[in-house]
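Residue numbers (our numbering): 21 to 192.
Glycine included, every Cβ here is placed at the ideal spot set by N, Cα and C.
In what follows, a structure is listed as structure tokens, so that the remarks can point back to it.
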Amino acid sequence: MTRLGDLERAVMDVLWDAVPGTSDGVTVREVADALDGRELAYTTVMTVLDRLAGKGMVQREREGRAWRYRAAASREAYIAQLMLDALDLGGSRDAALVRFARSVTGTEADVLRAALTTEAGLTVDPTGHGRTEGDVRGDAGNNPGRGLTDRVDSPPADGASRPDLADKAVER
Numbered sequence: 021m022t023r024l025g026d027l028e029r030a031v032m033d034v035l036w037d038a039v040p041g042t043s044d045g046v047t048v049r050e051v052a053d054a055l056d057g058r059e060l061a062y063t064t065v066m067t068v069l070d071r072l073a074g075k076g077m078v079q080r081e082r083e084g085r086a087w088r089y090r091a092a093a094s095r096e097a098y099i100a101q102l103m104l105d106a107l108d109l110g111g112s113r114d115a116a117l118v119r120f121a122r123s124v125t126g127t128e129a130d131v132l133r134a135a136l137t138t139e140a141g142l143t144v145d146p147t148g149h150g151r152t153e154g155d156v157r158g159d160a161g162n163n164p165g166r167g168l169t170d171r172v173d174s175p176p177a178d179g180a181s182r183p184d185l186a187d188k189a190v191e192r
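See the structure below:
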């Protein structure tokens, strides 16, 4: 997945923020107008959209003499792919995931826990602790006794990382 430059990201933000269902995309002029604070030439915006289409980030359809552009995937799908690509950079995926889990806030941990629980076909109690359905024993057999609904602690208040925990994950 291609990382976006600043201008590409600004253009994609316009496309991602366009309300789907109310139009079949936006024109170069509409994107340029939405980026009015940047004082960009029409041709610059057109070139960026053309390059994004070449990268597969946007889809376009001809409308008369103009093109209509829309994002090929949602902002969330793009970010998720960036995260997956980062995991593929090398080293231990387990260690990277542990470090990531230790760095998220309590609310973000709740969101992750709920998503993992949904994927596993379980439900969690409203506090986010413990199981209310199913009986999962361990997480894919790697850590018996720790189910998908185990609590992930928030990072330390001083912002210190927990490399000792990530290193232990590598040793597993």
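Inset, instruction - Please report how far the alpha carbon of ALA38 lies from the alpha carbon of GLY45, in whole angstroms. - result: Roughly 8 Å separates the two Cα atoms.
Legend entry - Sheet register partners of VAL78 (DSSP bridge): In the DSSP output, where bridge partners are listed per residue, VAL78 has ALA91.
Inset, instruction - State the DSSP-derived secondary structure class of VAL51, mapped to helix, strand or coil. - result: It is helical.
Inset, instruction - Determine the extent of the alpha helix (DSSP H) in which GLU28 is found, giving its start and end residues. - result: Following the DSSP letters along the chain, one finds GLU28 inside the alpha helix (DSSP H) bounded by residues 26-37.
Legend entry - N-terminal and C-terminal residue of the alpha helix (DSSP H) that ASP114 is part of: Per DSSP, ASP114 belongs to the alpha helix (DSSP H) from 113-123.
Legend entry - Exposed unless 16 or more other CB atoms sit within 10 angstroms - verdict on ASP26: Label assigned to ASP26: exposed.
Legend entry - alpha helix (DSSP H) segment containing GLY84, residue limits: GLY84: not part of any alpha helix (DSSP H); DSSP gives it neither H nor E.
Inset, instruction - Could you name the residues of the same chain whose beta carbon sits closer than 6 Å to that of VAL34, not counting the 5 residues immediately before and after it, in chain order? - result: The residues are VAL51, ALA54.
Legend entry - Between the CA atoms of ARG113 and LEU102 - distance to the nearest angstrom: Those two C-alpha atoms are separated by around 14 Å.
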